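> Take this structure, written in C-alpha cells, and hold onto it; I'll ask about it next.
2 protein chains.
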Amino acid sequence: MQFSKSTGYALHALIHLALSERGHNIGIKPLATSLGVSESYLSKIMSKLRQDGIVRAVTGASGGYELARSADQITFLEVIHVIEGRQQLFECLNGNAHLQKEFSAIADLSGRKECLVQKVMNGAELQMQQYLQANTIQSVIDSGSIE
Amino acid sequence: MQFSKSTGYALHALIHLALSERGHNIGIKPLATSLGVSESYLSKIMSKLRQDGIVRAVTGASGGYELARSADQITFLEVIHVIEGRQQLFECLNGNAHLQKEFSAIADLSGRKECLVQKVMNGAELQMQQYLQANTIQSVIDSGSIE
DNA sequence: TCTATTGTAGATCTCTAATATCCATTATAG
DNA sequence: CTATAATGGATATTAGAGATCTACAATAGA
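So the sequences go chain by chain: A and B.
Mapping to the numbering used here: the first sequence position 22 is 22, numbers consecutive.
One rule links them: number in the numbering used here = place in the second sequence (from 1) + 1000.
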C-alpha cells in the first residue's frame, strides 16, 4: 500500500504555485519541467485539482494555473482525497455471509453487524487523516523557510 | 490507496486462531471456508505469517496452524507489515535532480536534502502506525466480547 | 480576424502489483 | 503405507497506476 506518484506531483505542483506571485499564472510547461514529469501526465492531475476547486486554470495564450484559494486553506488531506479518491483505506470483505454470524462482527446501535477489524482500521485511518488535515500547503512553505 | 484484501484475510484468520483452544491446530480447510476464500490463496498468506513468527504450522495429517505467541503480543501493525511490506507510505520522487535545488527540500542535520512533503507524509504515517501498534488481536477480541 | 498558445477531454497503451490457481514435494499422524 | 496437510515454485488473470497522443476549445496579441 502506497500513495500514488500522482499525489506527490500534485502536492509539489501546489507548493510551486503557492510560491509564485499572486495573480501570476504558471503554465503546464514550466511546471512539468520543474517537477521532472511529462506535460500530458501532469495536466491530468491539474485538471482534477481544478475540478475540485483547488486551482484555477486559464486556457489560451499566456494561460496557466494558479491557486484558487490561499495556501493555508488547502490541506494535505483534501489534495489526497482528490487524487486518491475517497474510499476508505480498509474495506472489510463484507456482504460475505460468514461475517453475519461471526466472532469478529458486533452489532452496532442500529442492529447492523459491524466488522471489528474494520473498526480498528477506521480508527487508524482517522488518526492519519487528522494529521493530514492539520497540514496545509502554507505550513510546508513556512517550515521550509526556517532553513 | 487501500490495504490489500490479503491483510484483511490475515487479520481475520489470526482472530480465528486466537479464539480456538490452546494447543489445538486449525487446518487451512476450515479456516478458508470460514473466511470465504480459497485454500490455495489463504495458504500463501499463512506461510508469510509463519515465516515471520506470527503463527506456527504443523505439516502432515491433523496438522494446521496456531498462534506462535499470545494474542496480545500480536499487533495490527506487525501483521500489516508482514503482508503489505515495509516500504513507507509515501516515497518522494527523489534522486530527481530538481529536488536538490528546490523550494520543497530542506537540508537535514547531516546536510542531506530532505523533501518537505515527505516529512509531512511520514508524520501522518507515524500517527497511523502508533494506533495500529496499540491494537492487538487480543484487544479486538476483548472489544467483541462486550456484545 | 488570424494565429500561436495553452488547457481539456477522450481514447488508448504499457507496466506493475494484487489476486488467484495448480502442482510437485515434503512432512507426519495413525 | 497411506491419507492428510503445509510448502514453494510456477503461472495465469485482473485491475489500476502510470503515461502518451490527438482532436478540440478558449484566449491573448498581432
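All residues carry an ideal CB built from backbone N, CA and C; glycine is no exception.
Source: prediction; values computed, not measured.
(1) Below 8 Å, how does it come out for the segment 123-131 of chain A and the segment 51-66 of chain A: are there three or more Cβ pairs, yes or no?
(2) Give me the chain B residues within the contact set of K5 of chain A, using Cβ-Cβ distance strictly less than 7 Å, ordered along the chain.
(3) Inspect the beta-carbon positions of H1016 of chain B and I1028 of chain B and report whether they are closer than 8 Å.
(4) Quick check on R56 of chain A: does DSSP put it in helix, strand or coil?
(5) With 8 Å set as the bound, which would you pick, yes or no: does the beta-carbon of M46 of chain A sit closer than that to a beta-carbon of chain B?
(6) Assuming L67 of chain A is part of the beta strand (DSSP E), what are its boundary residues?
(7) Under 8 Å between the Cβ atoms of T136 of chain A and A68 of chain A?
(8) Under 8 Å, Cβ to Cβ, is there at least one residue of chain A near G1111 of chain B?
(9) By Cβ distance, which residues of its chain are closer than 7 Å to Y9 of chain A, with the 5 residues on each side in sequence left out?
(10) Under three-state DSSP, which class holds E114 of chain A?
(11) Taking the straight line between their C-alpha atoms, what separation do you get for H12 of chain A and A61 of chain A?
(12) Taking the alpha carbon of Q73 of chain A as the point to measure from, which residue in A:Q129, A:A18, A:S4 has its own alpha carbon closest?
(13) Quick check on DSSP: helix, strand or coil for I1080 of chain B?
(14) Extract the residue ranges of the alpha helix (DSSP H) inside the segment 12-44 of chain A, only unbroken runs of 4 or more that lie entirely within it.
(15) So, does the CB of S1062 of chain B fall closer than 8 Å to a CB anywhere in chain A?
(16) Cβ atoms of F1076 of chain B and L1132 of chain B: under 8 Å apart, would you say?
(17) Nearest chain B C-beta to S143 of chain A closer than 8 Å, yes or no?
(18) Closer than 8 Å by C-beta to I80 of chain A: which residues in its own chain qualify, once you throw out the five before and the five after it? Chain order, please.
(19) Whose Cβ in chain A lies nearer than 9 Å to the Cβ of V1140 of chain B?
(20) Taking 8 Å as the threshold (beta carbon to beta carbon), is G1023 of chain B in contact with chain A?
(21) Have a look at B:V1082, B:I1141, B:E1114, B:V1140 and flag the residue whose alpha-carbon is nearest the alpha-carbon of G144 of chain A.
(22) Since E1084 of chain B and M1 of chain A are thought to touch, with beta carbons under 8 Å apart, how far apart are those beta carbons, to the nearest angstrom?
(23) What residues from the segment 1069-1090 of chain B come within 7 Å of chain A, judged by C-beta to C-beta, listed N to C?
(24) What first and last residue would you give for the alpha helix (DSSP H) that runs through G85 of chain A?
(25) Which residues in the same chain as S20 of chain A place their Cβ atom closer than 7 Å to its Cβ, once the five residues preceding and following it in sequence are excluded?
(26) Going by CA-CA distance only, name the one from A:V140, A:Q138, A:Q127, A:A134 that's closest to A1134 of chain B.
(27) Cα-Cα, which of A:R50, A:T59, A:V117 is closest to K1005 of chain B?
This is what the structure holds:
(1) Segments in contact, no.
(2) Chain B residues near K5 of chain A: L1093.
(3) For the 8 Å CB-CB criterion, H1016 of chain B and I1028 of chain B do not form a contact.
(4) Secondary structure at R56 of chain A: strand, using DSSP grouped into helix, strand and coil.
(5) Not one chain B Cβ lies under 8 Å of M46 of chain A.
(6) DSSP places L67 of chain A in the uninterrupted beta strand (DSSP E) bounded by 64-67.
(7) Contact annotation: T136 of chain A and A68 of chain A have beta-carbon atoms that are not nearer than 8 Å.
(8) At G1111 of chain B the pLDDT is 49, less than 50, meaning the model places this residue with poor confidence; the figure from the coordinates comes in the next sentence. Answer no: the Cβ-Cβ gap between G1111 of chain B and chain A never drops below 8 Å.
(9) For Y9 of chain A, where only same-chain residues beyond five positions count, the Cβ hits under 7 Å are L35, V37, L42, I45.
(10) Strand.
(11) Spanning the two alpha carbons is a distance of roughly 24 Å.
(12) Minimum Cα distance to Q73 of chain A is reached at A:A18.
(13) Note: I1080 of chain B maps to helix in three-state DSSP.
(14) Within the segment 12-44 of chain A, the complete alpha helix (DSSP H) runs of at least 4 residues are 28-35.
(15) No, its Cβ sits nowhere closer than 8 Å to a Cβ of chain A.
(16) Here L1132 of chain B is near F1076 of chain B, since their CB atoms are less than 8 Å apart.
(17) Taking Cβ atoms only, chain B reaches closer than 8 Å to S143 of chain A, which makes this a yes.
(18) Counting only Cβ-Cβ distances below 8 Å, and skipping sequence neighbours, we find F3, T7, L132.
(19) Against V1140 of chain B, the close residues of chain A are S104, L116, V117, K119, V120, in the order they occur along the chain (beta-carbon pairs closer than 9 Å).
(20) By this cut-off, G1023 of chain B is not an interface position.
(21) Checked all of B:V1082, B:I1141, B:E1114, B:V1140; the closest Cα to G144 of chain A is B:E1114.
(22) In this structure E1084 of chain B is in contact with M1 of chain A, their Cβ atoms being roughly 5 Å apart against a cut-off of 8 Å.
(23) Taking 7 Å as the Cβ-Cβ cut-off, the segment 1069-1090 of chain B approaches chain A at F1076, E1084, Q1087, L1089, F1090, given in chain order.
(24) Neither: G85 of chain A is in no alpha helix (DSSP H) and is coded neither H nor E.
(25) The answer, listed in chain order, is I26.
(26) Answer by Cα proximity: A:Q127.
(27) Comparing Cα-Cα distances from K1005 of chain B to each of A:R50, A:T59, A:V117, the minimum goes to A:V117.
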